[in-house]
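Per the working numbering: the sequence shown = residues 15 to 193.
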Amino acid sequence: ADVTSTLPTGFTLRPLEKADFQKGYLDCLTVLTWVGDLSEAEWNERYDEMAAAKGTYYLLAIEHAGRIAGTGSLVVERKFIHGRGLVGHVEEISVAKEHQGKGLGLKLIQALDGVGRSVGCYKNILNCGAKNEPFYVRSALDTYSHLVCRLLLEKKTNFVASNLNSGVTCSPSGPHVSL
């Protein structure tokens, strides 16, 4: 069945719109991580940059009662391997606290899988912290490998320490850029 037809009554799944700044899109993301204090002008500039990168960014929003209740995105990476294949990176699955437990996160993942299939991705990848892994496993995603990364920017909050633990190795060594 189409993901949109399986949403709870009153919820709409659609592509992100520039007007979603006023509908609490960034508030929804704060459930997931530190966002920063973006002005509407900064939002518009980044939105336009992402919209101009055709075929790369697919951002979805779930709207309820004029507010953003959930969001997720797919970033498409172009490869030389697999016959110049495409890999989808599922990012920023976030559901407003008052709407958690309604299956919206799963609906976002299913919708982004559909987007990945429709644009020709041979796989979608989702990296998450250990505390979120049980949700994604329950959502029928497989644990495939371990993420190893190097943090390139100094952290602004304790997000990294609280979200990247077992099975994930991140090194703060190396050059840093002060924010």
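Note that the Cβ used here is the ideal one computed from N, Cα and C, for glycine as well.
With 16 other Cβ atoms within 10 Å as the buried cut-off, status of residue 24
By 1-based counting over the sequence shown, the position of residue 24 is 10. Exposed, because fewer than 16 other Cβ atoms sit within 10 Å of the Cβ of residue 24.
Measuring alpha carbon to alpha carbon, tell me which of 48, 34 and 134 ends up nearest residue 97.
As a position in the sequence shown, residue 97 is number 83, starting the count at 1. Among 48, 34 and 134, the Cα nearest to that of residue 97 is on 134.
From the DSSP output, which residues share a beta bridge with residue 113?
In the sequence shown, residue 113 corresponds to position 99, counting from 1. According to DSSP, residue 113 bridges with nothing at all.
Along the alpha helix (DSSP H) that carries residue 66, what are the first and last residues, could you check?
Position 52 of the sequence shown, counted from the start, is the residue given in the question as residue 66. Segment 54–66, the alpha helix (DSSP H) holding residue 66.
Coil, strand or helix - residue 3 by DSSP
Lying outside 15 to 193, the shown extent of the chain, residue 3 is not represented and no answer is given.
Helix, strand or coil for residue 44? Go by DSSP, reduced to three states.
As a first step, residue 44 is located in the sequence shown; it is residue number 30 there, counting from the start. Reduced to three states, the DSSP call for residue 44 is coil.
Taking the alpha-carbon positions, what's the residue 18 to residue 115 distance?
On the sequence shown, position 4 is the one that residue 18 refers to. On the sequence shown, position 101 is the one that residue 115 refers to. Each residue's alpha carbon lies about 17 angstroms from the other.
In whole angstroms, what separates the C-alpha of residue 74 from that of residue 80?
Counting from one through the sequence shown, the residue named residue 74 turns up at place 60. Counting from one through the sequence shown, the residue named residue 80 turns up at place 66. Taking the straight line from one Cα to the other gives about 15 angstroms.
With 16 as the cutoff for other CB atoms within 10 Å, does residue 121 come out buried or exposed?
Locating residue 121 in the sequence shown gives position 107, where the first residue counts as 1. Buried.
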